[in-house]
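Using the numbering used here, read the sequence shown as starting at 522 and increasing by one per residue. Backbone N, C-alpha and C fix where the C-beta goes; we use that ideal spot for every residue, glycine too. Input: a single structure, listed below in structure tokens.
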Amino acid sequence: MNKKSIDEVVLVGGSTRIPKLQQLLQEFFNGKELCKSVNADEAVAYGAAVQAAILSGNEDCEKFNILKLQDITSLSFGLESKDGKIMNVLIPKHTPVPAKKELLIMPCADELSSLSIEVQECELASMTAFNLSGITPKPRGDLKINLCFEVDGNGILNLTANDMSTGQKNEIVISKQNDGLTAKEIETMVETAARYKAEDEEHKARAAALNSLENFAYRIKAIARDPAVSASDKKLMEEAADQALAWSDTNHHAGIEEISVLKRHLETIKNQIALVSP
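As structure tokens, this is what we get:
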């Protein structure tokens, strides 16, 4: 699949409210309009509801039959070598489940009666080991062990090791205990989203304050054009308004209080002229 085959880009998660992130997404998808009709905080719940509707087989949910939601592995599964490096990734991350992969290994040791097999959850650097015992001792290179990695639809890994010469077998089930986010990671994400939300609110408030300042400056300039306004007052009002507009153009990141001070200055000038007008 490539980005040209994407019909809709749906924003998921609070962090997608970040203007810069939305800009980068649009640029990546060649200017495609982002779908914002679904609340980003609720998008995952909507998806879960659709999946539940599909799985329920309810006749009222026939319109969902055109959709296909397929789970994938969130981690890569492989074997670890003696030096601690990954020897072989059997099931890569993002593989659709259920998935099955077999591998024939020949241990590099003589006369083994048991074998320790170390399974690596690659991205988490998490390792699970289990033993295959009852092996018939053989010279190096003659022992053949068949490993079968099988991930079911729930993301649970079942690993079976089989001695090809004796039929001796052992298996282990690795659940999704390490899948997902830790409490600390969730807390960090919530704090980050809250910080970005606060920054967005501040940006909106600043933009509104600058807009209000500019509107008031143009209002001052309009009043200055009134024939009833004296030449000196007209000059004072126009200069103050022009200075405010010029300042606004070059201070987009000014604080709200700073913007308010400048607007109050314009209001003071307007009120003083109104008081002395006949």
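(Q) My output table needs one value for residue 623: the three-state DSSP class, helix, strand or coil. (A) The residue given as residue 623 occupies position 102 in the sequence shown. Here residue 623 sits in strand by DSSP.
Q. How many angstroms separate the CA atom of residue 698 from the CA atom of residue 575?
A. Start at 1 with the first residue of the sequence shown, and residue 698 comes out as number 177. Start at 1 with the first residue of the sequence shown, and residue 575 comes out as number 54. Bear in mind that the predicted position of residue 698 carries a pLDDT of just 48, short of 50, making it too unreliable to give a figure here.
(Q) Less than 8 Å between C-beta atoms, sequence neighbours within five positions excluded: which residues of the same chain meet that for residue 758? (A) Taking the sequence shown and counting its residues from 1, the one referred to as residue 758 is at position 237. Correct list, in chain order: 741, 742, 744, 745, 750, 790, 791 and 794.
Q. With residue 731 and residue 761 assumed to form a contact (beta carbons below 8 Å), what rounded beta-carbon distance in angstroms separates them?
A. The residue labelled residue 731 in the question sits at position 210 within the sequence shown. The residue labelled residue 761 in the question sits at position 240 within the sequence shown. Contact doesn't hold; Cβ gap of about 16 Å is too wide.
Q. How many whole angstroms separate the CB atoms of residue 855 and residue 727, which I take to be in contact at a CB cut-off of 8 Å?
A. Absent from the structure is residue 855, since the part of the chain shown begins at 522 and ends at 799.
Q) Between the Cα of residue 783 and the Cα atoms of 695, 735 and 623, which residue gives the shortest distance? A) For the purposes of this step, residue 783 is taken as the residue at position 262 of the sequence shown. Comparing Cα-Cα distances from residue 783 to each of 695, 735 and 623, the minimum goes to 735.
Q: Would you tell me roughly how many angstroms separate the C-alpha atoms of residue 718 and residue 781, rounded to the nearest one?
A: In the sequence shown, the residue the question calls residue 718 occupies position 197. In the sequence shown, the residue the question calls residue 781 occupies position 260. Their Cα atoms are separated by approximately 23 Å.
Q: Going by CA-CA distance only, name the one from 528, 534 and 598 that's closest to residue 618.
A: Within the sequence shown, residue 618 is the residue found at index 97, counting from 1. Among 528, 534 and 598, the Cα nearest to that of residue 618 is on 598.
Q | In DSSP terms, what residue 666 is bridged to | A | As a position in the sequence shown, residue 666 is number 145, starting the count at 1. Residue 666 pairs with 626 and 684.
Q | Coil, strand or helix - residue 576 by DSSP | A | What you label residue 576 is simply residue 55 of the sequence shown in a count that begins at 1. Assigned with DSSP and collapsed to three states, residue 576 falls in helix.
Q | Burial state of residue 754 (16 or more Cβ within 10 Å) | A | Residue numbering aside, residue 754 sits at position 233 when the sequence shown is read from its first letter. Residue environment analysis places residue 754 among the buried positions, since at least 16 neighbouring C-beta atoms fall within 10 angstroms of its C-beta.
Q.
Among 548, 561, 659 and 683, whose alpha-carbon lies nearest the alpha-carbon of residue 481?
A. Lying before the first or after the last residue shown, residue 481 is absent from the chain, which here runs from 522 to 799.
Q: With a 10 Å radius around its C-beta and 16 neighbouring C-beta atoms as the bar for buried, classify residue 695 as buried or exposed.
A: If you number the sequence shown from 1, residue 695 lands on position 174. Buried, because 16 or more other Cβ atoms sit within 10 Å of the Cβ of residue 695.
Q: Determine, using beta carbons only, whether residue 672 and residue 626 come nearer to each other than 8 Å.
A: Sequence index remark: in the sequence shown, residue 672 carries index 151 (1-based). Sequence index remark: in the sequence shown, residue 626 carries index 105 (1-based). No.
**Q.** Local conformation of residue 720 per DSSP, three classes
**A.** Indexing the sequence shown from 1 puts residue 720 at position 199. When DSSP states are grouped into helix, strand and coil, residue 720 belongs to the helix group.
Q) Can you list, in chain order, the residues of its chain whose CB lies under 6 Å from that of residue 836, leaving out five sequence neighbours each side? A) Nothing can be reported for residue 836: it is not among the residues displayed for the chain, which extend from 522 to 799.
Q) Sorted by chain position, which residues of the same chain lie with C-beta nearer than 7 Å to residue 547's C-beta, five sequence neighbours on each side aside? A) Start at 1 with the first residue of the sequence shown, and residue 547 comes out as number 26. The beta carbon of residue 547 sits closer than 7 Å to the beta carbons of 553 and 555 from its chain, once the five residues preceding and following it are set aside; these are given in chain order.
Q | Distance between residue 591 and residue 624 (C-alpha atoms, nearest Å) | A | Translated into positions along the sequence shown, residue 624 becomes position 103. Translated into positions along the sequence shown, residue 591 becomes position 70. If you take the alpha carbons of residue 624 and residue 591, they lie about 25 Å apart.
Q. Which first and last residues belong to the beta strand (DSSP E) in which residue 690 is found?
A. Within the sequence shown, residue 690 is the residue found at index 169, counting from 1. First-last of the beta strand (DSSP E) with residue 690: 690 to 695.
Q | Environment of residue 545 [buried if 16+ CB atoms lie within 10 Å] | A | As a working mapping, residue 545 is identified with position 24 in the sequence shown. With fewer than 16 other CB atoms across the displayed protein chains lying within 10 angstroms of its CB, residue 545 is exposed.
Q: Answer yes or no: do residue 616 and residue 657 have a C-beta to C-beta separation smaller than 8 Å?
A: On the sequence shown, position 95 is the one that residue 616 refers to. On the sequence shown, position 136 is the one that residue 657 refers to. In this structure, residue 657 does not lie closer than 8 Å to residue 616 by Cβ.
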